[in-house]
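> At position 65 of the sequence shown the residue is numbered 81 (this note's numbering), and the sequence of numbers has no breaks.
The beta carbon of each residue, even a glycine, is placed where N, CA and C say it ideally should be.
Below you will find the structure I want to go over with you.
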Amino acid sequence: MRRILLLISFFAIVFTVQNVNAQNNRKLKTQPVKYGDNLEAPFTAKELGMLEEVYQDKLEKYVLSRPQKIKDLKHLLRNRLLITKLPHYNSKSKVTLLSTVGLFNNYNKELKRDQSFDINTFNPLKYNLEFFKVGSAIYRIDNTQYYIVIKAQNLKK
């Protein structure tokens, strides 16, 4: 009898905790994405080159035939992604080094990590950066004073 009461008490506690967690999760509201006004223009040659390098022969299927994907990538490249030199930024803080981030080589198995950094040819889409997470992200490009800043896509008013 004592075991049965103990078992019932255990399950009651577990279900109560799960119910509280479920209610808390419902309170989290997703914020709508604030798109920029510059998304109507087609991809630039540079943007298209970045996409072609990453998606190869799957570009049409996974990007160009999907209007929402096009809009999200244009918004990322034009409004949210910033590669900037920050010579006085405290790099000892918790900033992820680009060398610790994997390649996004799902569609192009031949994709290679850049051996040296050139701001004119650098393609951030090659890397598995957290482009669509909640909040902003920052990465340091190894052995440089350059940082990749990814602004949050859901900015509160």
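Could you tell me whether any Cβ in chain D is nearer than 8 Å to the Cβ of Leu89?
Considering every chain present, this structure includes no chain D. It has just one protein chain.
> Say the cut is 7 Å; is the CB of Gln131 nearer than that to a heavy atom of the ligand NAD?
As presented, the structure is devoid of all ligands, the ligand NAD included, so that no description of it is given.
> Only counting the same chain, and skipping five residues up and downstream in sequence, which positions put a Cβ closer than 7 Å to that of Val79?
In the sequence shown, the residue the question calls residue 79 occupies position 63. Same-chain partners within the cutoff: Leu67, Tyr71, Lys85, Ile86, Leu89.
> Can you check which of these residues, His91, Pro58, Glu69, is closest to Lys50 by C-alpha distance?
Locating residue 50 in the sequence shown gives position 34, counting from the first residue. Of His91, Pro58, Glu69, the residue nearest in Cα terms is His91.
> Report the three-state DSSP secondary structure of Ile135 (helix, strand or coil).
To locate residue 135, count along the sequence shown from 1; it is residue 119. Of the three classes helix, strand and coil, the one that applies to Ile135 here is coil, per DSSP.
> Which value, in whole angstroms, describes the spacing of the CA atoms of Leu55 and Arg94?
In the sequence shown, counting from the first residue as 1, residue 55 sits at position 39. In the sequence shown, counting from the first residue as 1, residue 94 sits at position 78. Their Cα atoms are separated by approximately 8 Å.
> Mind checking who Thr112 pairs with in its DSSP beta bridge?
Within the sequence shown, the letter at position 96 stands for residue 112. Note: Thr112 sits in a beta bridge opposite Tyr155.
> I'd like to know whether the C-beta atoms of Leu145 and Val117 end up nearer to each other than 8 Å.
Numbered from 1 along the sequence shown, position 129 holds the residue referred to as residue 145. Numbered from 1 along the sequence shown, position 101 holds the residue referred to as residue 117. In this structure, Val117 lies closer than 8 Å to Leu145 by Cβ.
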